[in-house]
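Protein chains in written order, with the numbering used here: chain A, 4 to 171; chain B, 4 to 171.
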DNA sequence: GCAAATTTGCAACATTATAACACTTGCTGC
DNA sequence: GCAGCAAGTGTTATAATGTTGCAAATTTGC
């Protein structure tokens, strides 16, 4: 599997989108789930950038392209996409972002730039392990995680402090 | 400093509350912040249990005791309490919980029982470290964290599976 | 084709949070 | 004490986010 492009660096974003859509189609086919036109369109809108989209942003975009949808339409599509792990909801932003590890059954760790809004999803075994240990130490049985880190992405960091070297 | 009682175990909860209020008064005095009647009352309501409270729950409780407040009153009190680290907001629940490490300038890790609603706040150096490492590996500069783990607390685990031994 | 199940459309509504502006309270310097 | 100012509170209205319930349309399995 090819390394995915980092959202921070310029990349052929159309390729991101078509890859995500192709993955989604595969996953849905395998699980006998129906990736209907609306669901696919919502997924595509979410993938239009690496910035999370609110449900009402999606609604507005659908509206501006003639599909006059009501909130439940969007929320149902989002529920479906969440259920199949194709998108994530970012609780700290009330917004949705495309899942870059679709099909891997994971809890992501999200790095959210409060400057430009870009989100990078990571998997980190050490983080998962540390959390699991901490929970176990309290006899707590973890089932789901919301891990959202807010800060400055490398690009915005560089802008804020142009002299500093980049460890990129 | 005495070990704090665990929310999961029966404890003298009045002591939790009065400790929290005393801490709050100290912190506010030190920082020349005004812990007014409303702010203190909101803090007390939040500490009434180890279950997070929604802003509108607080509003309702204030109402039921004759103080007919409007949403901004509650949200302003909450903003104040958040600012001085006396409460935390749980993004995954849209609710507020008392900070059990007030004054320590920290990001908590929250273990949220989806059965009984109880929340335990932890500090975990290994978790913080792992997250910091993961962020740094992406040249991302972390500033704030939302770490909320949903699962089963020991008490509810025991109820769900009475035969299992407790590693308490 | 047809019955059943799933999906979508739609209207209304619920919940969470904020804006704007007037009024009150408490502090500061004199 | 008290004028003047900043901080805090009250009140109304409204914005933003998310859900319920039911009917119509579409798809699926047979």
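Built from N, CA and C at the ideal position, the CB exists for glycine as well.
Everything numeric in this text was worked out from a predicted model, so none of it was measured.
Using a Cβ-Cβ distance under 8 Å, would residue i count as near chain B?
i: residue 99 (chain A); result: no
i: residue 44 (chain A); result: no
i: residue 144 (chain A); result: yes
i: residue 95 (chain A); result: yes
i: residue 160 (chain A); result: yes
i: residue 114 (chain A); result: yes
i: residue 141 (chain A); result: yes
Can you tell me whether residue i is buried or exposed, with buried defined as 16 or more other CB within 10 angstroms of its CB?
i: residue 149 (chain B); result: buried
i: residue 111 (chain A); result: buried
i: residue 151 (chain A); result: buried
i: residue 13 (chain B); result: exposed
i: residue 70 (chain A); result: exposed
i: residue 117 (chain A); result: exposed
i: residue 37 (chain A); result: exposed
i: residue 165 (chain B); result: exposed
i: residue 171 (chain B); result: Any answer about residue 171 (chain B) is weak, because its pLDDT of 49 lies below 50 and its placement is not dependable; what the coordinates show is given next. It counts as exposed.
i: residue 40 (chain B); result: exposed
Hey, out of the options, whose CA is closest to residue i's CA?
i: residue 124 (chain A); options: A:56, A:48, A:102; result: A:102
i: residue 61 (chain B); options: B:159, B:154, B:146, B:100; result: B:100
i: residue 34 (chain B); options: B:84, B:20, B:93, B:160; result: B:84
i: residue 120 (chain A); options: A:141, A:95, A:40, A:45; result: A:95
Examine chain A for any beta-carbon lying closer than 8 Å to the beta-carbon of residue i, and answer yes or no.
i: residue 83 (chain B); result: no
i: residue 151 (chain B); result: yes
i: residue 86 (chain B); result: no
i: residue 24 (chain B); result: no
i: residue 148 (chain B); result: yes
i: residue 118 (chain B); result: no
i: residue 155 (chain B); result: yes
i: residue 166 (chain B); result: no
Pull the bridge partners of residue i from the DSSP assignment, please.
i: residue 69 (chain A); result: None, per the DSSP bridge assignment.
i: residue 148 (chain B); result: A:152
i: residue 121 (chain A); result: Bridge partners of residue 121 (chain A): none, in fact.
i: residue 92 (chain A); result: A:99
i: residue 115 (chain B); result: B:122, B:153
i: residue 56 (chain B); result: B:99
Would you list, in chain order, the members of the region 44-59 of chain B that have their beta-carbon closer than 7 Å to a beta-carbon of chain A? none
Under 8 Å, CB to CB, which of the residues in the region 123-138 of chain A have a partner in chain B? 123, 125, 127, 129, 130, 132, 133, 134, 136, 137, 138
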